[in-house]
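Residues are numbered in this note's numbering as their position in the sequence shown, beginning at 1, plus a constant of 7. Here a beta-carbon is modelled for each residue, glycine too, at the ideal position from N, C-alpha and C. It should be emphasised that the depicted structure is a prediction, and the values quoted were computed from it without experimental measurement.
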Amino acid sequence: MSEIIRRRKLSAGWYPETEEAIEQVLHDWCCRDIEKPRSRAVVVPHAGWPFSGRLAFDTLSTLERSKTVVVVGGHLSAQSPLIMASEDAYETPLGIVETDHQLRDYITQNLESVPDTDSENSVEIIMPMLRYLNPEVRVVWLRVGPNSDLVHRLANTIAEAALHEDGYDIAVVGSTDLTHYGPAFGFTDHGLGDDAHAWVRESNDATILEKLAQLDAHGVIECGPRDRSACSAGAAAVAVAYACAVGCDDAELIGYHTSYDCRPADSFVGYAGITYRRR
């Protein structure tokens, strides 16, 4: 039986279309000095590469060279089920990324899920970067809402697979942007312009960044939807909960900025990259 491959669904405005263009961009970004990649989990942004690609790549570059990466996206409500891509592999301009069938099957044996049939950026935008960093990587593609019970069950299931299988190294990527502020998002409680931008940076995004830094998965799930400070709080919380389950006790903020910093506008989005590892 031939492989079922999930084809690219995002346009070139999200990330380059050709292998040559992808390699050029990522080669140019490969300058951050990382002593030894040893993160077990990360939280990354998922906007188009011109806005947050460099930050996502810098953060992903800290991951241990794991055989398998679980990429968790979102854009779901707390009532949504676990959503999982059912394909055997994923298309990127750099080549195919294979699914880790063993881990995906283990997850489906323990948790109910439905197939991911949407054209959706929170996972796809990450795939070419993972392929560039490790051409042999295998991936499990998931999306989850800010549901505390489901988040922790998923994180613990992945951790069980990582801890119980000798040599089965798994990293988790939680994909979320932060506050979506302005008329385009129906969120103008603090006005427009520089004052609104300062409030997002210094208050709204700062609150959820504190929860992420404290490895507080419940706090992320609570304040993300409440404060409208994360479009995919469940995804970030899975990364945090997994990090805790495998013994991580150190969080590092790799970077933070907003689309307003790149291109000032009344509507803008916050982005952060955070890593989790053992001290």
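For R145, which beta-bridge partners are listed by DSSP?
T75 and E105
Note down, in chain order, each residue of its chain lying with its Cβ closer than 6 Å to the Cβ of D107, except the 5 sequence neighbours on either side.
T75, R145 and V147
Residue from N163, R160, L110 and G102 whose Cα sits closest to the Cα of R138:
G102
Nearest residue (CA-CA) to D196, options S182, D184 and N211:
N211
Within 10 angstroms of its Cβ, does T99 collect 16 or more other Cβ (buried), or is it exposed?
buried
At which residues does the beta strand (DSSP E) containing A19 begin and terminate?
Taken as a continuous stretch (DSSP letters only), A19 belongs to no beta strand (DSSP E), as it is neither H nor E.
Would you kindly report the start and end of the unbroken alpha helix (DSSP H) that includes A246?
A240 to A252
What residue does the beta strand (DSSP E) around H264 start on, and which one ends it?
D257 to T265
According to DSSP, simplified to helix, strand and coil, what is P122?
strand
Just how far apart, CA to CA, sit Y226 and I215?
The sequence given here places Gly at residue 226; Tyr does not occur at that position. Cα-Cα distance, rounded: 8 Å.
Where A258 and Q116 are concerned, what is the direct C-alpha to C-alpha distance, given to the nearest angstrom?
31 Å
Classification of K16 by the beta-carbon crowding that lies within 10 angstroms, buried from 16 upward
exposed
Residue span of the alpha helix (DSSP H) that contains S155, given as start and end:
S155 to H171
Endpoints, beta strand (DSSP E) assigned at T99:
A96 to T99
DSSP-derived helix/strand/coil call for R233:
helix
Measuring straight from C-alpha to C-alpha, what distance separates V121 and D202?
42 Å
Supposed contact pair P190 and S274 - C-beta distance, whole angstroms, cut 8 Å:
6 Å
Determine the DSSP secondary structure at H34, reduced to helix, strand or coil.
helix
What span of residues does the alpha helix (DSSP H) with S129 cover, start to end?
N128 to E131
Best match in F194, W36, H171 and A205 for proximity to M136 [C-alpha to C-alpha]
W36
Starting from I177, trace the beta strand (DSSP E) both ways and give me its first and last residue.
I177 to S182
For T115, which of helix, strand or coil comes out of DSSP?
helix
Please list, in chain order, all residues of the same chain as K218 whose beta carbon is under 7 Å from its beta carbon, the five residues on each side excluded.
G226, V227 and C230
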